[in-house]
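Everything on this sheet refers to the single structure shown next.
Number of protein chains: 2
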Amino acid sequence: MFELDVRSRKPIYEQLTDKIKEMILYSILQPDEQLPSVRTLSAQLTVNPNTIQKAYRELEREGYIYSRAGKGSFVSPAQQGMNAAKRAEVREELLRLMAEAVYLGFTAAEIGELFKLALEKKGEGDQT
Amino acid sequence: MFELDVRSRKPIYEQLTDKIKEMILYSILQPDEQLPSVRTLSAQLTVNPNTIQKAYRELEREGYIYSRAGKGSFVSPAQQGMNAAKRAEVREELLRLMAEAVYLGFTAAEIGELFKLALEKKGEGDQT
DNA sequence: ATGACTGTATTATTAATAATAGTACAGTTA
DNA sequence: TAACTGTACTATTATTAATAATACAGTCAT
């Protein structure tokens, strides 16, 4: 499914949440698609099951996946009014990063390009 | 100068680098302006000097400040061709965040607004 | 040149967190 | 019932953040 960098300063469970989130954002994982079970992924990545569970718990807390005991973990359908709090959070982070971009000389055009690219990346995975 | 959240999951030295970086990006701190000394800031924030030093060292590594033994620490003038590597890094991070924004339904117009806002925030502090 | 500032480096200790290990229990389904 | 699922808990180890206490060298005004 993907690789981990065990000697990164970034915790393993965080690398996991980031990569799975990315696959959801880019529609590589479709809504209601089942994720590998905690134990399966644990074995594949040779990582402790608790670490996988921690990542899944975090993804569920953020609303990206949902889990059902006995059934498995699944990608959440992107809800329309998805969490005003989360939108505000992303807005905040975007503003911070844009400030850095401005400082580095990024232009409005370049930013627009990036947004278009993100749109495309999402589109690629949809209904194919 | 600012406040810290000692019981945040985010390390103190990282809160420091983030806030100082922000003040530089927003031109609240001007190029070549002197930062508080390690010991002064340490006393003001009641934080260990080593923690301040760690933050300053990181800021210097990233090119935002420069330090001279005996003189002090100062804001770096924003270099024009500032580090292609850093630009690539910010681009990467922006793309990731934009993907999340797309997922949450942000429009191109909203993104444009944010960029304008970042431009203004930088402008505010300049030559006043 | 001395005193009072600067940054920098080092070592040791404590506190907090990430990751592992092992086990247990409950829901789902063929 | 068997074999999967997620979930919870306790304990242990490894890593990192933060503190503490010194020490040393550069700058500069007196």
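Order-wise, the sequence lines are chains A and B. The opening position of the first sequence corresponds to residue 1 in full-length UniProt numbering, with each subsequent residue numbered one higher. The opening position of the second sequence corresponds to residue 1 in full-length UniProt numbering, with each subsequent residue numbered one higher. Glycine is no exception: its CB is placed at the ideal position from the N, C-alpha and C atoms.
Subject >> Neighbour list for B:Lys86 in chain A, Cβ cutoff strictly below 8 Å >> reply: Neighbours of B:Lys86 in chain A, taken as residues at a C-beta separation under 8 Å, are given in chain order as Leu104.
Original post:
Who are the near neighbours of B:Thr17 in its chain, counting only those whose CB is closer than 6 Å to its CB and skipping five residues on each side?
Top reply: Around B:Thr17: Ala55, Glu58 and Leu59.
**OP:** Give a yes or no on whether the minimum CB-CB distance between A:Leu59 and chain B is below 9 Å.
**Re:** no
Original post:
Under the rule that 16 or more other beta-carbon atoms within 10 Å means buried, what is B:Thr51, buried or exposed?
Top reply: Buried: at least 16 other Cβ atoms inside 10 Å.
**OP:** Would you mind sorting B:Val6 into buried or exposed? The rule is 16 or more other CB atoms within 10 Å of its CB.
**Re:** B:Val6 should be labelled exposed.
Original post:
Quick one: is B:Ser73 buried, meaning 16 or more other Cβ sit within 10 Å of its Cβ, or exposed?
Top reply: Classification of B:Ser73: buried, given that the 10 Å Cβ count is 16 or more.
Original post:
Shorter than 9 Å from the beta carbon of B:Val90 to some beta carbon of chain A?
Top reply: yes
Original post:
Is A:Phe106 buried or exposed, if buried means 16 or more other CB atoms sit within 10 Å of its CB?
Top reply: buried
Subject >> Reference B:Gln44; option with closest CA among B:Arg68, B:Ala84, B:Phe2 and B:Pro31 >> reply: B:Phe2
Original post:
A:Ser37 to B:Arg61, Cα distance in whole Å?
Top reply: 41 Å
**OP:** Please decide whether A:Phe2 counts as near chain B, where near means a Cβ-Cβ distance under 9 Å.
**Re:** no
**OP:** Look at A:Met98 and B:Leu117 and say whether their C-beta atoms are less than 9 Å apart.
**Re:** yes
Original post:
Quick one: what's got a C-beta closer than 8 Å to B:Leu95's C-beta in the same chain, skipping five residues either side?
Top reply: none
Subject >> For A:Asp32 and A:Ser76, the rounded distance between their alpha carbons >> reply: 6 Å
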